[in-house]
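K.L.:
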Amino acid sequence: MRASVDRAGLDSGRTPVIKIRRVRKGDLSKVRDVIEQAFGDFYERQLGTRPRQVFGGAQYVHHRWLMEPWGCFVAEEGDGKIVGAAVAVIWGTLGLVGPVAVLTIYQNQDIGQQLVKAAQGFFDENKVTLQGLATYPSSPKHLLLFQKFGYKPKALLAITSKPLDRREIVQATQAGKPAVSIRRFSTLEEAKKKGTMQKLRRITNAIYRGLDLAKEVEIVDGLALGDTLLLERGRELIGFAIYHVPGVSEAPQGSLYVKFLAMDFRHRKPEHFHGLLASLEELASGAGLQRVIAPVYTAYWTAYQALLERGYSIDFTMVRMKRGKLEEYERPADLVLDDWR
Ligand SMILES: CC(C)(COP(=O)(O)OP(=O)(O)OC[C@H]1O[C@@H](n2cnc3c(N)ncnc32)[C@H](O)[C@@H]1OP(=O)(O)O)[C@@H](O)C(=O)NCCC(=O)NCCS
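The working numbering runs 46 ahead of the 1-based position in the sequence shown.
#1: Measuring from the CB of A84, is there a heavy atom of ligand 1 at a distance below 7 Å?
#2: Residues in its own chain within less than 8 Å of P378 by CB, not counting five upstream and five downstream?
#3: Please determine whether the Cβ atom of F88 lies at a distance below 7 Å from any heavy atom of ligand 1.
#4: Could you give the residue range of the alpha helix (DSSP H) that holds H108?
#5: Skipping 5 residues on each side, what residues in its chain have a beta carbon closer than 7 Å to that of Y152?
#6: Find out if the Cβ-Cβ distance for the pair T206, D380 is shorter than 8 Å.
#7: Go through the segment 307-347 residue by residue and report every complete run of the alpha helix (DSSP H) that reaches 4 residues or more, in order.
#8: Quick one, are the C-beta atoms of G144 and L179 less than 8 Å apart?
#9: Once DSSP output is grouped into helix, strand and coil, what is the label at F192?
#10: In this structure, does DSSP put V226 in helix, strand or coil?
#11: Give me the Cβ distance between A134 and A165, rounded to the nearest whole Å; I'm assuming they're in contact under 8 Å.
#12: Does the Cβ of I263 lie closer than 7 Å to at least one heavy atom of ligand 1?
#13: Decide if P209 is buried, meaning its Cβ has at least 16 other Cβ atoms within 10 Å, or exposed.
#14: Quick check on T233: buried or exposed, where buried means 16 or more other Cβ atoms within 10 Å of its Cβ?
#15: For a test of the three-state rule: what should DSSP assign to E374, helix, strand or coil?
#16: Does DSSP classify T363 as helix, strand or coil?
#17: Reducing DSSP to helix, strand and coil, say where K127 ends up.
#18: Taking only three categories from DSSP, how would you classify W137?
#19: What's the C-alpha gap between A84 and K238?
#20: Cβ-heavy atom distance between V304 and ligand 1 below 7 Å?
#21: Can you give me the C-alpha to C-alpha distance between Q217 and A324, rounded to a whole angstrom?
#22: For G124, which residues in the same chain have their Cβ closer than 7 Å to its Cβ, ignoring the five residues on either side in sequence?
#23: Does DSSP put Y358 in a helix, a strand or coil?
#24: Hey, would you say K388 sits closer than 8 Å to I284, going by beta carbons?
#25: Below 8 Å on the Cβ atoms is my contact criterion, and I expect V162 with V146 to pass it. Report the Cβ-Cβ distance as a whole number of Å.
#26: Note the first and the last residue of the continuous alpha helix (DSSP H) segment covering F286.
#27: Of all the options L277, D73, T181, which has the alpha carbon lying nearest to the alpha carbon of H320?
#28: Can you determine whether any heavy atom of ligand 2 sits closer than 7 Å to the C-beta of G332, and answer yes or no?
#29: By DSSP's criteria, V148 is part of a beta bridge. Which residues make up the other side?
#30: Would you decide whether D385 is buried or exposed? Buried here means 16 or more other CB atoms lie within 10 Å of its CB.
#31: Terminal residues of the continuous beta strand (DSSP E) containing D267?
#32: Which residues in the same chain as A204 place their Cβ atom closer than 6 Å to its Cβ, once the five residues preceding and following it in sequence are excluded?
#33: So which of E355, D310, L335, A308 has the shortest CA-CA distance to P298?
#34: Per DSSP, V304 forms a beta bridge with which residues?
#35: In whole angstroms, what separates the C-alpha of E262 from that of P186?
#36: Does the separation of the CB atoms of L74 and W111 fall below 8 Å?
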């Protein structure tokens, strides 16, 4: 890896006049291009080679805009050229910003900060109690940029994955017939979905007060980006996992991606966690995918260790940054996978 000094764009000699405005439908493919170009250049500067596909085929713009149109911003030059973008979402009381990107030749001219400021405004309007993001711990620029807004670096996010072995999955399924059952949210009757959403909220509210993933569940269901697995004992919901499969989702090619997983804190037994993961692996294998990607915040120590024991390995790490009153809310024994990217 090259030195992490990242001052691209500084010598372009331009002082662009920039307007920050909300994303419109007609901007979406341009926004995607800008994000992919900026990240592609960043990876190339960091790693010395440009990835063939910037996020391995994962996409972040279209569905997030549909889910949270007021949280998506562009930086536009006087002539209407889009030179930067920021996407923010709100999970109840938690506001998450990212991706944020500025075209390389426009960097270091305050545009990134204007975009982050716009996201802050959106969070303030919605009275979130905690704000967060995931960024690159080895980049002074990234850390300092967000520190300016009061974000503090916390623990690492480990992006883990496991290649799938078909035989192992068949054996795992046959070995233990659990006392719990698994259903997919998409198979519920419309009338039942609302009640299930309340149960999901109860689980997330116990993790962080007001945390609410309903929008993520709905968008995954509405656009068939993947599904939400429900782990149940009788009528009781004891855990769930929102996952994406490749297409126009956040899942890279060939991978099932776990966006969010949480176990009711009263049922945080490792076997339930493993049960949900086994089901995700089985689903991925059945869909002909080669691996499962499961990002984990390392402060959730039990979940992190359980993934490693299960054969997941760390592909790369990022650092979580937070701003708010209750910054250290994570209990190490909570079985949670929550990707803030
Ligand atoms: C991160 C990114 C969005 C920042 O956008 P930007 O327009 O360059 O940011 P700004 O110019 O508003 O602010 C950058 C600040 O970092 C400072 N900076 C730049 N290089 C630095 C370095 N090596 N060390 C410390 N500070 C640095 C700049 O001087 C500036 O601060 P200042 O206004 O006090 O001088 C942009 O670099 C980008 O798109 N990168 C690629 C994609 C990416 O990594 N996105 C973020 C993922 S979390």
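All residues carry an ideal CB built from backbone N, CA and C; glycine is no exception.
These figures come from a predicted structure and were not determined experimentally.
P.N.:
Reading from the atomic positions:
#1: Start at 1 with the first residue of the sequence shown, and residue 84 comes out as number 38. Indeed, a heavy atom of ligand 1 lies less than 7 Å from the Cβ.
#2: Reading the sequence shown from its first residue, position 332 is the one you call residue 378. The residues are A345, Y346, W347, T348.
#3: On the sequence shown, residue 88 is found 42 positions in, with the first residue counted as 1. Within the cutoff, so yes.
#4: In the sequence shown, counting from the first residue as 1, residue 108 sits at position 62. 108-113 is the span of the alpha helix (DSSP H), which, as asked, contains H108.
#5: The residue you call residue 152 lines up with position 106 of the sequence shown. Excluding sequence neighbours, Y152 sits near G55, P62, V129, G130.
#6: Locating residue 206 in the sequence shown gives position 160, counting from the first residue. Locating residue 380 in the sequence shown gives position 334, counting from the first residue. Not in contact: T206 and D380 (Cβ atoms no closer than 8 Å).
#7: 316-332
#8: In the sequence shown, residue 144 corresponds to position 98, counting from 1. In the sequence shown, residue 179 corresponds to position 133, counting from 1. Yes, they are a contact pair.
#9: By one-based count along the sequence shown, residue 192 stands at place 146. Note: F192 maps to helix in three-state DSSP.
#10: Sequence index remark: in the sequence shown, residue 226 carries index 180 (1-based). Three-state result, V226: coil.
#11: Numbered from its first residue, the sequence shown carries residue 134 at position 88. Numbered from its first residue, the sequence shown carries residue 165 at position 119. Indeed, because the Cβ distance is near 4 Å, the residues count as touching under 8 Å.
#12: Residue 263 sits at position 217 when you count from the first residue of the sequence shown. Note on residue identity: the sequence assigns Val, not Ile, to residue 263. Not under cutoff, so the answer is no.
#13: As a first step, residue 209 is located in the sequence shown; it is residue number 163 there, counting from the start. Exposed.
#14: Within the sequence shown, numbered from 1, the residue matching residue 233 stands at position 187. Burial call: exposed.
#15: Working through the sequence shown from its first residue, we reach residue 374 at position 328. E374 falls in the coil class under three-state DSSP.
#16: As a working note, residue 363 is residue 317 in the sequence shown. Strand, per DSSP.
#17: Along the sequence shown, one-based indexing puts residue 127 at 81. Note: K127 maps to coil in three-state DSSP.
#18: Locating residue 137 in the sequence shown gives position 91, where the first residue counts as 1. Of the three classes helix, strand and coil, the one that applies to W137 here is strand, per DSSP.
#19: Counting from 1 along the sequence shown, the entry for residue 84 is found at position 38. Counting from 1 along the sequence shown, the entry for residue 238 is found at position 192. Near 43 Å, if we compare the C-alpha coordinates of K238 and A84.
#20: Counting from one through the sequence shown, the residue named residue 304 turns up at place 258. No, Cβ of V304 sits at least 7 Å from all heavy atoms of ligand 1.
#21: As a position in the sequence shown, residue 217 is number 171, starting the count at 1. As a position in the sequence shown, residue 324 is number 278, starting the count at 1. Because Q217 sits at a pLDDT of 49, beneath the cut-off of 50, its placement in the model cannot be relied upon, and the point is left open.
#22: Within the sequence shown, residue 124 is the residue found at index 78, counting from 1. For G124, where only same-chain residues beyond five positions count, the Cβ hits under 7 Å are V63.
#23: If you number the sequence shown from 1, residue 358 lands on position 312. Of the three classes helix, strand and coil, the one that applies to Y358 here is coil, per DSSP.
#24: No answer is possible for residue 388: the residues shown for the chain start at 47 and end at 387.
#25: Taking the sequence shown and counting its residues from 1, one reaches residue 162 at position 116. Taking the sequence shown and counting its residues from 1, one reaches residue 146 at position 100. Yes, they are in contact, since the Cβ atoms of V162 and V146 sit about 6 Å apart, within 8 Å.
#26: Indexing the sequence shown from 1 puts residue 286 at position 240. Segment 282-290 is the beta strand (DSSP E) holding F286; no alpha helix (DSSP H) there.
#27: Here residue 320 corresponds to residue number 274 of the sequence shown, with the count starting at 1. The candidate whose alpha carbon is nearest that of H320 is L277.
#28: In terms of ligand content, the structure shown lacks ligand 2 and carries ligand 1 instead.
#29: Your numbering for residue 148 matches position 102 in the sequence shown. G130.
#30: Taking the sequence shown and counting its residues from 1, one reaches residue 385 at position 339. Per the 10 Å Cβ criterion, buried.
#31: By one-based count along the sequence shown, residue 267 stands at place 221. Looking at the DSSP string, D267 is not in any beta strand (DSSP E); the run it does join, the alpha helix (DSSP H), is 260-268.
#32: Here the question's residue 204 lines up with position 158 in the sequence shown. So the list reads V342, T344, I360, T363, once near-sequence residues are dropped.
#33: Start at 1 with the first residue of the sequence shown, and residue 298 comes out as number 252. Nearest option by C-alpha distance: L335.
#34: Stepping through the sequence shown from its first residue, residue 304 is reached at position 258. According to DSSP, V304 bridges with Y289.
#35: Locating residue 262 in the sequence shown gives position 216, where the first residue counts as 1. Locating residue 186 in the sequence shown gives position 140, where the first residue counts as 1. If I take the Cα positions, the gap works out to 31 Å.
#36: If you number the sequence shown from 1, residue 74 lands on position 28. If you number the sequence shown from 1, residue 111 lands on position 65. Cβ atoms of L74 and W111: closer than 8 Å.
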